[in-house]
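Below is one structure, written out as structure tokens, with a few remarks after it.
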Amino acid sequence: MGVSNLLSKFGKPAVEQHEDSQATTPARADSTLEKDNDLVDDSPVKYLTWRSFILGIVVSMGGFVFGYATGQIAGFTTMDDFKRRFAEVQPDGSYKFSNVRNGLIVGLLSIGTMIGALVAAPIADRLGRKLSISFWSLIHIVGIIIQMATEDKWYQVALGRWVAGLGVGALSSIVPMYQSESAPRQVRGAMVSAFQLFVAFGIFISYLINFGTETIESTASWRITMGIGFAWPLILGIGTLFLPESPRYAYRHGRVDEARKTMCKLYGVGPNHRVVMQEMKDMKDKLDEERAAGVAAWHEIFTGPRMFYRTVLGIALQSLQQLTGANFIFYYGNSIFTSTGLNNSYITQIILGAVNFGMTLPGLYVVEHYGRRNSLMVGAGWMFICFMIWASVGHFALDLADPSNTPQAGAAMIVFTCFFIVGFATTWGPIVWAICGELYPARYRAICIGIATASNWTWNFLISFFTPFISSSIDFAYGYVFAACCFAAVLVVFFFVNETQGRTLEEVDTMYVLHVKPWQSASWVPPEGIIRDLHPAPEENQKQEGQEQVEHNEPTEIRE
12 MGVSNLLSKF GKPAVEQHED SQATTPARAD STLEKDNDLV DDSPVKYLTW RSFILGIVVS
72 MGGFVFGYAT GQIAGFTTMD DFKRRFAEVQ PDGSYKFSNV RNGLIVGLLS IGTMIGALVA
132 APIADRLGRK LSISFWSLIH IVGIIIQMAT EDKWYQVALG RWVAGLGVGA LSSIVPMYQS
192 ESAPRQVRGA MVSAFQLFVA FGIFISYLIN FGTETIESTA SWRITMGIGF AWPLILGIGT
252 LFLPESPRYA YRHGRVDEAR KTMCKLYGVG PNHRVVMQEM KDMKDKLDEE RAAGVAAWHE
312 IFTGPRMFYR TVLGIALQSL QQLTGANFIF YYGNSIFTST GLNNSYITQI ILGAVNFGMT
372 LPGLYVVEHY GRRNSLMVGA GWMFICFMIW ASVGHFALDL ADPSNTPQAG AAMIVFTCFF
432 IVGFATTWGP IVWAICGELY PARYRAICIG IATASNWTWN FLISFFTPFI SSSIDFAYGY
492 VFAACCFAAV LVVFFFVNET QGRTLEEVDT MYVLHVKPWQ SASWVPPEGI IRDLHPAPEE
552 NQKQEGQEQV EHNEPTEIRE
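Per our numbering: the sequence shown = residues 12 to 571.
And the structure:
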């Protein structure tokens with residue numbers, strides 16, 4: 012099947028995909044939909060349709076752009092040609108980056124991303140989600156061109172990374188928002204978490220390419236890696252044009268039929284299916300509430316119903332994702348492991364990148380099967396232990412003057428770095444993006460996600476810029492700082508984060524407005540008595556079918 016034929020099927024209704032199902036779909040006990048209406052389709056929805064899969068893969072390329080841009084710089088700063096052109100000449104004739112220059116080249120990307128995340132919100136609300144993704148992909152390409160056009164001006168590289176960062180920051184805000192607004196609720200967590208999977212994949216691929224080019228003595232050693240970076244935003248920007256607009260964005264802008272058709276395609280059901288009818292009603296109810304409240308002013312992200320709580324919580328979660336110390340490892344991986352005595356730290360970087368990517372895959376399973384809260388708390392506790400051991404070994408056991416004298420200490424640090432990445436990749440890496448995509452009502456979603464994402468990039472910059480200064484002062488004891496932040500993350504999640512697994516976005520909003528206690532949120536039942544699981548166990552299906560037969564005094568239709 013050709014690509015054009017595949018993409019063209021987005022325009023065809025997907026009513027046939029539920030016909031092989033053999034059980035009814037649970038509905039709200041007190042739903043305003045007619046329970047006895049024979050026209051309402053109660054068949055179970057597929058867990059994942061191919062349209063949802065394609066949408067998730069294409070827009071997750073925004074994560075790949077993010078990961079590739081952040082991962083490549085760690086290799087550049089140790090390449091001989093890159094240092095000859097952009098580093099400072101030392102008295103002995105060697106080339107070395109000062110802490111300030113190194114921090115600016117690495118960190119200005121994060122300044123750009125912070126700004127991009129903030130300005131992306133009004134553009135996404137005006138142009139729509141999909142067109143905004145294409146626009147910011149183009150901005151990222153401009154940043155790459157600026158970097159590649161220089162011969163020996165380090166500040167042009169830094170400026171180019173700043174422009175590229177505008178695109179990365181905007182994409183890191185809009186892509187999870189588009190995913191959360193479009194994905195069927197039973198796979199929403201996994202689909203939004205796929206953004207982080209592609210971040211990890213982009214980092215890993217940049218490591219592999221750097222490893223293959225680092226021995227080249229010309230500008231090709233770093234320009235090849237930069238040049239390949241054109242491909243990813245092109246795929247994203249063009250591919251997104253063939254995808255549907257977010258159904259929630261379309262609905263809020265009066266395109267009700269478009270929203271319904273998109274939802275039918277992504278769920279793989281017809282327009283008379285209960286899950287589509289109920290979500291359409293939920294969107295209508297929420298929009299009616301917002302219209303009754305009048306035009307939203309910007310300050311309502313702090314004064315709206317439970318909005319101060321949620322705005323600060325989103326900022327805290329995105330900040331803590333950085334303060335786990337993950338990007339400290341990824342940005343300065345080469346420098347860290349050179350100081351442990353490794354001759355070719357590119358190999359270690361590839362190992363770390365492979366662990367990060369490989370362990371993010373099970374993270375997509377974890378987010379939908381073990382819940383957001385438990386996964387984040389266990390992950391933060393695990394990372395706390397890893398950083399405590401890592402910092403203790405590096406500070407007390409490693410011979411900093413000559414690491415070759417303590418090979419066991421260096422090996423232990425590498426092992427616990429890998430253990431740390433396992434914890435991050437399966438929990439805090441992907442799940443924070445999922446939670447922030449679910450946390451806010453549609454009225455404030457774009458600006459709140461932008462602010463939360465900007466806080467992530469602010470800490471990203473602070474860590475990348477100040478790490479050379481801090482590390483040179485307190486060496487590997489720096490790890491204790493990140494360990495303390497991981498411990499604080501456990502407390503923040505326990506006391507403030509609600510469990511949102513299996514909820515619609517409208518239900519999540521209701522949960523926060525009603526002040527549901529986070530530690531009781533997993534068992535909370537909405538006022539309508541919705542049954543959260545779209546895919547109950549067979550015995551639950553049989554029980555429900557029996558109940559419905561008693562209520563309606565007629566057999567449940569079995570689809571062949």
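Every residue gets a Cβ at the ideal spot worked out from N, C-alpha and C, and that includes glycine.
Length of the line joining the Cα atoms of residue i and residue j
{"i": "Gly114", "j": "Glu290", "result": "47 Å"}
{"i": "Ser415", "j": "Thr89", "result": "20 Å"}
{"i": "Glu449", "j": "Arg96", "result": "45 Å"}
{"i": "Ser193", "j": "Met294", "result": "13 Å"}
{"i": "Tyr451", "j": "Thr521", "result": "10 Å"}
{"i": "Gly397", "j": "Ala85", "result": "The residue you asked about is not Gly; residue 397 is Cys in the sequence shown. Taking the straight line joining both Cα atoms gives about 22 Å."}
{"i": "Ala132", "j": "Val501", "result": "30 Å"}
{"i": "Gln83", "j": "Asn110", "result": "18 Å"}
{"i": "Val91", "j": "Glu228", "result": "Per the sequence shown, residue 91 should be read as Asp rather than Val. Each residue's Cα considered, the two are about 7 Å apart."}
{"i": "Ala365", "j": "Pro316", "result": "43 Å"}
{"i": "Glu556", "j": "Val508", "result": "Confidence in Glu556 is poor, its pLDDT being 42 and thus under 50, which makes the residue's placement unreliable; the coordinate value appears in the next sentence. Those two C-alpha atoms are separated by around 35 Å."}
{"i": "Phe477", "j": "Tyr376", "result": "35 Å"}
{"i": "Leu185", "j": "Gln101", "result": "Note that residue 185 is Ile in the sequence shown, not Leu. Ile185 and Gln101: Cα-Cα distance of roughly 44 Å."}
{"i": "Ile442", "j": "Ala422", "result": "30 Å"}
{"i": "Val504", "j": "Pro187", "result": "20 Å"}
{"i": "Glu301", "j": "Met159", "result": "47 Å"}
{"i": "Lys141", "j": "Leu254", "result": "8 Å"}
{"i": "Phe241", "j": "Tyr523", "result": "42 Å"}
{"i": "Ala494", "j": "Met394", "result": "7 Å"}
{"i": "Phe209", "j": "Trp535", "result": "33 Å"}
{"i": "Val426", "j": "Pro418", "result": "12 Å"}
{"i": "Ser484", "j": "Leu409", "result": "16 Å"}
{"i": "Lys276", "j": "Phe87", "result": "44 Å"}
{"i": "Ile122", "j": "Gly78", "result": "16 Å"}
{"i": "Gly154", "j": "Gln167", "result": "10 Å"}
{"i": "Phe506", "j": "Val51", "result": "40 Å"}
{"i": "Glu99", "j": "Asn471", "result": "25 Å"}
{"i": "Ala488", "j": "Val56", "result": "52 Å"}
{"i": "Gly238", "j": "Pro244", "result": "12 Å"}
{"i": "Met424", "j": "Thr515", "result": "42 Å"}
{"i": "Gln360", "j": "Lys292", "result": "50 Å"}
{"i": "Val76", "j": "Leu170", "result": "18 Å"}
{"i": "Pro537", "j": "Phe407", "result": "53 Å"}
{"i": "Thr226", "j": "Ile220", "result": "11 Å"}
Beta-ladder partner(s) of residue i, from DSSP
{"i": "Tyr572", "result": "This structure gives no information on residue 572, because the portion of the chain shown stretches from 12 to 571."}
{"i": "His380", "result": "In the DSSP output, where bridge partners are listed per residue, His380 has none listed."}
{"i": "His406", "result": "BP columns for His406 are empty, so no partner."}
{"i": "His310", "result": "Partner(s): none; His310 has no beta bridge."}
{"i": "His284", "result": "Asp52"}
Rounded distance between the beta-carbons of residue j and residue i, thought under 8 Å
{"i": "Ile326", "j": "Ala463", "result": "5 Å"}
{"i": "Asp486", "j": "Gly405", "result": "7 Å"}
{"i": "Phe435", "j": "Trp401", "result": "That pair is no contact at about 13 Å."}
{"i": "Trp444", "j": "Phe206", "result": "5 Å"}
{"i": "Thr251", "j": "Ser183", "result": "Contact flag wrong, Cβ pair sits at about 15 Å."}
{"i": "Glu379", "j": "Val519", "result": "Actually they do not touch by this definition, with Cβ atoms about 15 Å apart."}
{"i": "Ile458", "j": "Cys447", "result": "Their Cβ separation, rounded to whole angstroms, is 13 Å, which puts Ile458 and Cys447 out of contact at 8 Å."}
{"i": "Glu256", "j": "Gly67", "result": "About 16 Å separates the two Cβ atoms, so there is no contact after all."}
Residue span of the alpha helix (DSSP H) that contains residue i, given as start and end
{"i": "Trp439", "result": "Looking at the DSSP string, Trp439 is not in any alpha helix (DSSP H), and its letter there is neither H nor E."}
{"i": "Ala391", "result": "Arg383 to Ser403"}
{"i": "Arg317", "result": "Careful: Arg317 lies outside any alpha helix (DSSP H) and carries neither H nor E."}
{"i": "Ser484", "result": "Arg456 to Ile485"}
{"i": "Arg271", "result": "Val267 to Tyr278"}
{"i": "His151", "result": "Arg140 to Met159"}
{"i": "Trp61", "result": "Trp61 to Val70"}
{"i": "Phe506", "result": "Tyr489 to Phe507"}
{"i": "Trp243", "result": "Ala242 to Thr251"}
{"i": "Thr224", "result": "Arg199 to Thr224"}
{"i": "Gly180", "result": "Trp165 to Ser193"}
{"i": "Glu510", "result": "Taken as a continuous stretch (DSSP letters only), Glu510 belongs to no alpha helix (DSSP H), as it is neither H nor E."}
{"i": "Asp520", "result": "Leu516 to Val524"}
{"i": "Ser232", "result": "Ala231 to Ile239"}
{"i": "Ala261", "result": "Pro258 to Arg263"}
Does the stretch 382-392 come within contact of the stretch 356-371, defined as at least 3 CB pairs closer than 8 Å?
Taking 8 Å as the limit for Cβ pairs, the verdict is that the stretch 356-371 does not touch the stretch 382-392.
For the 8 Å Cβ check, are there 3 or more pairs between the stretch 269-284 and the stretch 147-163?
no
Pairs of beta-carbons, one from the stretch 165-181 and one from the stretch 144-153, closer than 8 Å: are there three or more?
Of all C-beta pairs linking the stretch 165-181 to the stretch 144-153, three or more are shorter than 8 Å, placing the two stretches in contact.
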